Amino acid sequence: MDLVSSRIAQLAPSLTLSITAKAKQMKEAGEEVFSFGAGEPDFDTPEHIKQAATEALALGETKYTAAAGLPALREAISAKFLADNSLEYTPAQISVNCGAKHSCYNAILACCDEGDEVIIPAPYWTSYTEMVKMVGAVPVIVETTEENGWKMTPEQFENAMTGLTKMVIINSPSNPTGAVYTRDELAALGEVALSEDIVILSDEIYEKVIYDGAEHVSMASISKELYDLTITVNGFSKAYSMTGWRLGYTAAPYDIAKAITNIQSHSTSNPTTFAQYGGIAALEGDQQIVTDMVDEFDVRRQYALARFSTLNNVSVVAPEGAFYFLVNCESMGLKSVNIAERLLSRYGVAVVPGVAFGADTTLRFSYATSLETIKNGLDRFEDFARSH
Ligand SMILES: *Cc1c(COP(=O)(O)O)cnc(C)c1O
Numbered sequence: 023m024d025l026v027s028s029r030i031a032q033l034a035p036s037l038t039l040s041i042t043a044k045a046k047q048m049k050e051a052g053e054e055v056f057s058f059g060a061g062e063p064d065f066d067t068p069e070h071i072k073q074a075a076t077e078a079l080a081l082g083e084t085k086y087t088a089a090a091g092l093p094a095l096r097e098a099i100s101a102k103f104l105a106d107n108s109l110e111y112t113p114a115q116i117s118v119n120c121g122a123k124h125s126c127y128n129a130i131l132a133c134c135d136e137g138d139e140v141i142i143p144a145p146y147w148t149s150y151t152e153m154v155k156m157v158g159a160v161p162v163i164v165e166t167t168e169e170n171g172w173k174m175t176p177e178q179f180e181n182a183m184t185g186l187t188k189m190v191i192i193n194s195p196s197n198p199t200g201a202v203y204t205r206d207e208l209a210a211l212g213e214v215a216l217s218e219d220i221v222i223l224s225d226e227i228y229e230k231v232i233y234d235g236a237e238h239v240s241m242a243s244i245s246k247e248l249y250d251l252t253i254t255v256n257g258f259s260k261a262y263s264m265t266g267w268r269l270g271y272t273a274a275p276y277d278i279a280k281a282i283t284n285i286q287s288h289s290t291s292n293p294t295t296f297a298q299y300g301g302i303a304a305l306e307g308d309q310q311i312v313t314d315m316v317d318e319f320d321v322r323r324q325y326a327l328a329r330f331s332t333l334n335n336v337s338v339v340a341p342e343g344a345f346y347f348l349v350n351c352e353s354m355g356l357k358s359v360n361i362a363e364r365l366l367s368r369y370g371v372a373v374v375p376g377v378a379f380g381a382d383t384t385l386r387f388s389y390a391t392s393l394e395t396i397k398n399g400l401d402r403f404e405d406f407a408r409s410h
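According to this note's numbering, the sequence shown is numbered sequentially starting from 23.
In structure tokens, the structure reads:
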């Protein structure tokens, strides 16, 4: 008898693990490795946020809170939605979770039955497909193209719909592509979702990490009808450099919000109590820290974009958000894992192979690393690209 359930046995093993392990091994052996692998900001959590958590801890805020999170934090999130996104969510519609990854999982578990289909545009964040499988639902992948800026068109969405479609996942700004959907593009996708009452999971974790005057629009803010179909996911990890705090949140129509809180009350209960105080400080404190971080990312983005565009056998779409370049290496005629392995072993450059995002001709370069690393790493990538 199999000890592991068939649901879990079918999950993809982490394809990035071997690259990460090899990079570590090389570093330990004293070799120079330039890593573009980071999936988190390379800045420390701002001081006032750390202080708020430290104070909470000193004051004995070490017990359970409401399963959905501290009322004061949900109030702060509610105020954030109104101010930033023109969205009216009451604290009862908000659930604070153990990271936005957990928020996505809760949302999928709350809405999807066995056999339901979930439409996911590729390239996608690597966890969506596995989360969908974990709840017994079926990921349906829509391949977007570089020509369309790696965005799903309404026609593609419509063609992927069947009688079993329950949900669609939209991630704007996108990890790994950096694509940002415009208001009109979201509205057009929303129309398609409305035609069959498809739940929209809108992962807006990179909302604040946006460039070139691009505008972040929340799907739920487009119309009352879309508000009633949308679960908005956001969190603290990316905007406030708080990845290790494990704090994210969902905002949803009442029925779904209640279901999410119910799931949470029987699985994790509340996210860490003193971390939640840090969350309040992040939302209520000075937002200049976010702007400063994004400005720094933008310097790196522009530098890397200029470098990539001098190479004629790779192509990139200028990212408008997040902190990644998805580099298309199709003309090399190799699988992404093979390219990534070669890049690492012969050139000391670590990247994430695109197969992890359902895009096997691509590589993901994170620029959440120093300009110095980016410069040196791209010098080497240039040598690699010119010889392939
Ligand atoms: C980082 C990330 C998340 C979640 O981050 P948490 O640390 O769990 O809050 C969610 N979605 C995408 C696309 C991400 O890149």
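Backbone N, C-alpha and C fix where the C-beta goes; we use that ideal spot for every residue, glycine too.
If you're wondering where the values come from, they're calculated on a predicted model, not measured in any experiment.
Check your understanding: Hey, is residue 342 close to ligand 1, as in C-beta under 8 Å from one of its heavy atoms?
Key -> Answer for residue 342: no, Cβ out of range of ligand 1.
Check your understanding: For residue 276, does the three-state DSSP call read helix, strand or coil?
Key -> helix
Check your understanding: Looking only at its own chain, which residues have a Cβ that is under 7 Å from the Cβ of residue 165, when we skip the five neighbours before and after it?
Key -> 144
Practice item. With residue 117 as the anchor, note down where its beta strand (DSSP E) starts and where it stops. Key: 116-119
Exercise for review: Run through the region 61-127 for me and flag every whole alpha helix (DSSP H) of 4 or more residues, listed as ranges in chain order.
Suggested key: 69-80 and 93-107
**Study point:** Start-end ranges of the alpha helix (DSSP H) lying completely within the region 342-375, minimum 4 residues
**Key:** 358-369
Exercise for review: Indicate whether residue 202 and residue 62 have their beta-carbon atoms separated by less than 9 Å.
Suggested key: No, these two residues do not count as a Cβ contact at 9 Å.
**Study point:** Residues sharing a beta bridge with residue 163, DSSP
**Key:** 142
Check your understanding: Would you call the CB atoms of residue 282 and residue 92 closer than 9 Å?
Key -> no
Check your understanding: How would you write the range of the beta strand (DSSP E) that residue 221 sits in, first residue to last?
Key -> 221-225
Point to revise | Paired residues, beta bridge with residue 41 - DSSP | key: Note: residue 41 sits in no beta bridge, so no partner.
Review point. Closest to residue 107 by CA distance: which of 214, 241 and 207 is it?
Key: In this structure, 241 is the residue among 214, 241 and 207 with its C-alpha nearest to the C-alpha of residue 107.
Review point. Taking 8 Å as the cut-off, does the CB of residue 258 come closer than this to any heavy atom belonging to ligand 1?
Key: yes
Review point. Contact check, residue 129 vs residue 253 under 8 Å by CB: the rounded distance?
Key: About 5 Å separates the beta carbon of residue 129 from that of residue 253, a gap short enough to meet the 8 Å contact definition.
Check your understanding: Are residue 424 and residue 292 closer than 9 Å when you measure CB to CB?
Key -> Missing from the structure shown is residue 424; the chain here goes from 23 to 410 and no further.
**Study point:** Residue burial classification, residue 35 (beta-carbon count within 10 angstroms, cutoff 16)
**Key:** The residue is exposed, with fewer than 16 neighbouring Cβ atoms inside 10 Å.
Exercise for review: Report yes if the C-beta distance between residue 412 and residue 198 is below 9 Å; otherwise report no.
Suggested key: Outside the displayed span of the chain (23 to 410) sits residue 412, for which this structure offers no information.
**Study point:** Nearest residue (CA-CA) to residue 103, options 32, 230, 388 and 236
**Key:** It is 230.
Check your understanding: Does the distance from the CB of residue 264 to the CB of residue 71 come in under 9 Å?
Key -> yes
Check your understanding: Per the contact definition of three or more C-beta pairs closer than 8 Å, is the region 348-362 in contact with the region 266-284?
Key -> No, the region 266-284 does not touch the region 348-362.
Check your understanding: Out of 379, 345 and 372, which has the shortest C-alpha to C-alpha gap to residue 259?
Key -> 345
**Study point:** Assigned exposure category for residue 25 - 16 Cβ within 10 Å defines buried
**Key:** exposed
Check your understanding: Once you ignore the five residues that flank residue 111 on each side, which residues in its own chain have a CB closer than 7 Å to its CB?
Key -> 100, 103 and 273
Review point. Is the number of C-beta pairs between the region 76-85 and the region 312-330 that are closer than 8 Å three or more?
Key: Flag = no, the region 76-85 and the region 312-330 do not touch.
**Study point:** Per-residue DSSP class, three states only, for residue 48
**Key:** helix
Exercise for review: Decide if residue 321 is buried, meaning its Cβ has at least 16 other Cβ atoms within 10 Å, or exposed.
Suggested key: exposed
**Study point:** Integer-rounded CB distance, given that residue 370 should sit under 8 Å from residue 56
**Key:** With a Cβ gap of about 6 Å, residue 56 and residue 370 count as contacting.
Practice item. Classify residue 46 as buried or exposed, calling it buried when 16 or more other Cβ atoms lie within 10 Å of its own Cβ. Key: So residue 46 ends up on the exposed side.
Practice item. For the alpha helix (DSSP H) containing residue 397, list its first residue and its last residue. Key: 393-408
Exercise for review: Can you give me the Cβ contacts of residue 120 inside the same chain, cut-off strictly under 7 Å, excluding the 5 residues immediately before and after it?
Suggested key: Take residue 120, set aside five residues on each side of it, and the residues of its chain with a beta-carbon closer than 7 Å to its own are 268, 290 and 293, in chain order.
Point to revise | Cβ-heavy atom distance, residue 232 to ligand 1, below 8 Å | key: no
Exercise for review: Identify whether residue 194 lies in helix, strand or coil by the three-state DSSP scheme.
Suggested key: coil
Practice item. Count the other CB atoms, across all protein chains shown, that sit within 10 Å of the CB of residue 251; report buried if there are 16 or more and exposed otherwise. Key: buried
Practice item. Give the straight-line distance between the Cα atoms of residue 151 and residue 142, rounded to the nearest whole angstrom. Key: Between the alpha carbons of residue 151 and residue 142 lies a distance of about 8 Å.
Review point. DSSP beta-bridge partners for residue 57?
Key: 372
Practice item. Use the C-beta contact count for residue 123: other C-beta atoms within 10 angstroms, 16 or more gives buried, fewer gives exposed. Key: buried
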